[in-house]
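In our numbering, the protein residues as written are 16 to 333.
Okay, so here's the structure we're looking at.
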């Protein structure tokens, strides 16, 4: 299982930064990484949620989008859906339900890997965001250790919780969030440790190495070249090559309409209504100060339809 552990840890890190920590079932089965996600499920970092996906690709014809529905209680079939081409299709639960990443499981692994389990139990400080792992000395100085995810979009709550839970300068936060962005935020004075830089996934848990280098401040700076819409709603910016690009209110609304469409085409009439502008608006007038943003994230046709580039849909990890 050695070769699969590194990509599995990388995928888990991405999932923990997604709202709800959910993964669409099609994302498991259709992009060639099913073995990675099945491995995460085997080690209990992923599980099946009780929530049914809104739509999945028909596993029989692989061409139509179908809407799963739960079968009656006690039925041996996980779910079913009606396909216009194939009729009623039986769906195993793995292809019908959302897959769910477990940040609590990661916090428990860290608690064990850091040798804290015998003295400290894991405490959830902010639901789904921040966990206290325990306390440990580094070079005769005691530090409070935490695990956190989605810290960028929860800065105020995380900052307040850390102020109350640890002495100033003594908190160490192992995180799946982008520490380059965190260091530029109101949390910038904290010690952040990227999970992927110090952890290795093993059967039944994590192994931690080189944590002291981050606590001592001698670890190399982490550079980010992320391009995504992850911070669109939280900070009204896009990320292009790791750089935050501020958006005007009009461009923010434009992208938000496309984001809510989740990859579907949106006609300019609908966009105009959201922006409260005439339906015959000139797209060039909107994009002229944000040409790079539109070139990166937005696609269009000659019929007045716009949609997000598939690489940057947030439900797919964009």
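Where a beta carbon is used, it is the ideal one built from N, C-alpha and C, also for glycine.
All figures in this text were calculated on a predicted structure; none of them were measured in a lab.
When DSSP states are grouped into helix, strand and coil, residue 186 belongs to the strand group. Per DSSP, the continuous beta strand (DSSP E) segment holding residue 255 begins and ends at 252 to 255. Look at residue 209 here: in three-state DSSP terms it is strand. By the C-beta density criterion, residue 225 is exposed, having fewer than 16 other C-beta atoms within 10 angstroms. With a threshold of 16 other beta carbon atoms within 10 Å, residue 76 falls short and is exposed.
Residue 110 holds the alpha-carbon nearest to the alpha-carbon of residue 71 among 64, 93, 110 and 50.
Excluding residues up to 5 positions away in sequence, 140, 141 and 145 lie with their Cβ nearer than 8 Å to the Cβ of residue 176 in the same chain.
Closest by C-alpha distance to residue 39, out of 54, 62, 24 and 21, is 62. Under the DSSP assignment, residue 123 falls in the alpha helix (DSSP H) whose first and last residues are 118 to 128. Between residue 201 and residue 170, the gap from beta carbon to beta carbon is short of 8 Å. Judged by their CB atoms, residue 191 and residue 208 are not nearer to each other than the 8 Å cut-off. By DSSP's assignment, residue 98 forms a beta bridge with 102. When the alpha-carbon of residue 124 is set against those of 136, 241 and 113, the nearest one is in 136. By the neighbour-count criterion, in which 16 or more other beta carbons inside 10 Å mark a residue as buried, residue 205 falls on the buried side. The beta carbon of residue 203 lies closer than 8 Å to those of 197 in the same chain, with the five residues before and after it left out.
Look at the beta carbons and you see the stretch 24 to 32 touching the stretch 99 to 119: at least three pairs across the two are nearer than 8 Å. In its chain, beyond the 5 residues on either side, 71, 73, 81, 82, 83, 84, 103, 104, 106 and 111 have a beta carbon closer than 8 Å to the beta carbon of residue 96.
Cβ contact annotation for residue 259 (same chain, cutoff 6 Å, sequence separation greater than five): 252, in chain order.
Taking each of 263, 276 and 55 in turn and checking the Cα distance to residue 327, the smallest one comes out for 276. Nearest to residue 311 by C-alpha distance, out of 293, 317 and 243, is 243. The alpha carbon of residue 316 has as its nearest neighbour, out of 282, 22, 215 and 306, the alpha carbon of 282. Assignment of residue 174 by DSSP, reduced to helix, strand and coil, places it in the helix class.
If you ignore the 5 residues before and after residue 56, its C-beta comes within less than 7 Å of the C-beta of 62, all in its own chain and listed in chain order. The C-alpha of residue 293 lies about 16 Å from the C-alpha of residue 272. At the C-beta level, residue 65 and residue 19 stay beyond 8 Å of one another. Exclusion of the five residues before and after residue 219 leaves 58 as the residues of its chain whose Cβ lies within less than 8 Å of its Cβ. Between the C-alpha atoms of residue 256 and residue 232 there is a straight-line separation of about 25 Å. Rounded to the nearest angstrom, the gap between the Cα atoms of residue 303 and residue 228 is 45 Å. Excluding the 5 residues flanking it on each side, residue 307 has same chain C-beta neighbours closer than 8 Å at 255 and 260, in chain order. Residue 217 has 220 as its beta-bridge partners, per DSSP.
A distance below 7 Å between beta-carbons, with the five flanking residues on each side excluded, links residue 165 to the following residues of its chain, in chain order: 32, 144 and 192.
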